[in-house]
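Colleague: Let me begin by handing over the structure; questions about it come next.
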Amino acid sequence: MNKTILFGPAVIVIRVAAFAAAEPPGGISQYWEKTCASCHGMEGKADTKAGRKIGAIDFTDPKNQEKFTDEQMFKAIKEGVKDKKGKFTMKPAENVNDEQIKSLVARVRAFKR
Ligand code: HEC
Numbered sequence: 088m089n090k091t092i093l094f095g096p097a098v099i100v101i102r103v104a105a106f107a108a109a110e111p112p113g114g115i116s117q118y119w120e121k122t123c124a125s126c127h128g129m130e131g132k133a134d135t136k137a138g139r140k141i142g143a144i145d146f147t148d149p150k151n152q153e154k155f156t157d158e159q160m161f162k163a164i165k166e167g168v169k170d171k172k173g174k175f176t177m178k179p180a181e182n183v184n185d186e187q188i189k190s191l192v193a194r195v196r197a198f199k200r
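Going by my numbering, the sequence shown opens with residue 88, and the numbers climb by one from there.
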C-alpha cells in the first residue's frame, strides 16, 4: 500500500485547519470590515467619520507604519489603545487568539503603499 495515498488527505486537512485558525472569525477581510474598518477604514486610511474624530492614523502612509513595531501593534490589538486619561480610544479586539492577532498585524502592514 502506498503511504502517500493513505496520508496525503490527512495532511491537507491539518494544513487547512492550521491556516483557518490563524484567521479571525469569518476570515480576515470580514473581521476587519466588521471590527476595525469603522475607525481605520476599509483600506486602512482612517478616512471615516469615527476615524477622524478619534484620531486614527493613515496606515497607508509609510511614515505612520514606522511609528510602531509589530510587537507594539500586537499589544495595541490585544490590549487596546488608551488616551492620556486612560480611556479606551480603541478597545481590545474580541474573539481572537494570539495567532489571529498576528494575522491582523500583517493585514495592517499590508496597507502600506
Ligand atoms: C473605535 C475606533 C477604533 C477601532 C474600532 C479600532 N481601532 Fe485601531 N486604533 C484606533 C486609534 C484611535 C488608534 C491610535 C492612533 C492610531 O495609531 O491610529 C489605533 C491604533 C491601532 C494600531 C496601531 C498601533 C498603536 O500602538 O497605536 C493598530 C495596529 C490597530 N489600531 C489595529 C486595529 C485593529 C486590527 C482593529 C480591529 C480589530 C482596530 N484597530 C479597531 C482606533 C480604533
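Glycine included, every Cβ here is placed at the ideal spot set by N, Cα and C.
From a predicted model like this one, the values you see are computed outputs, not experimental measurements.
Taking DSSP as the reference, what is the three-state secondary structure of T135?
Modeller: Looking up residue 135 in the sequence shown gives position 48. Reduced to three states, the DSSP call for T135 is coil.
Colleague: Take G164 as the anchor and find which of E110, E130, K136, V183 has the nearest alpha-carbon.
Modeller: Here residue 164 refers to the residue found at position 77 when the sequence shown is read from its first residue. A quick correction: the sequence has Ile, not Gly, at residue 164. Nearest of E110, E130, K136, V183 to I164, Cα basis: V183.
Colleague: Can you tell me whether R200 is buried or exposed, with buried defined as 16 or more other CB within 10 angstroms of its CB?
Modeller: In the sequence shown, residue 200 corresponds to position 113, counting from 1. Burial call: exposed.
Colleague: How would you write the range of the alpha helix (DSSP H) that M160 sits in, first residue to last?
Modeller: On the sequence shown, residue 160 is found 73 positions in, with the first residue counted as 1. From DSSP, the alpha helix (DSSP H) with M160 extends over 157-166.
Colleague: Which word fits F175, buried or exposed, when buried means at least 16 other C-beta atoms lie within 10 angstroms of its C-beta?
Modeller: The residue you call residue 175 lines up with position 88 of the sequence shown. Flag for F175 reads exposed.
Colleague: Is it the case that the Cβ atoms of F70 and H127 are separated by a distance below 9 angstroms?
Modeller: This structure gives no information on residue 70, because the portion of the chain shown stretches from 88 to 200.
Colleague: Would you call P111 buried or exposed, if buried means 16 or more other Cβ atoms sit within 10 Å of its Cβ?
Modeller: Stepping through the sequence shown from its first residue, residue 111 is reached at position 24. Per the 10 Å Cβ criterion, buried.
Colleague: Please name the residue in E120, A137, P179 whose C-alpha comes closest to that of K162.
Modeller: Reading the sequence shown from its first residue, position 75 is the one you call residue 162. Nearest C-alpha to K162: P179.
Colleague: Pick out whichever of I141, R196, G113 has its Cα sitting closest to the Cα of K171.
Modeller: What you label residue 171 is simply residue 84 of the sequence shown in a count that begins at 1. When only C-alpha atoms are compared, the closest one is I141.
Colleague: For the beta strand (DSSP E) that contains M129, what are its first and last residues?
Modeller: Here residue 129 refers to the residue found at position 42 of the sequence shown. That residue, M129, is in no beta strand (DSSP E); it is neither H nor E in DSSP.
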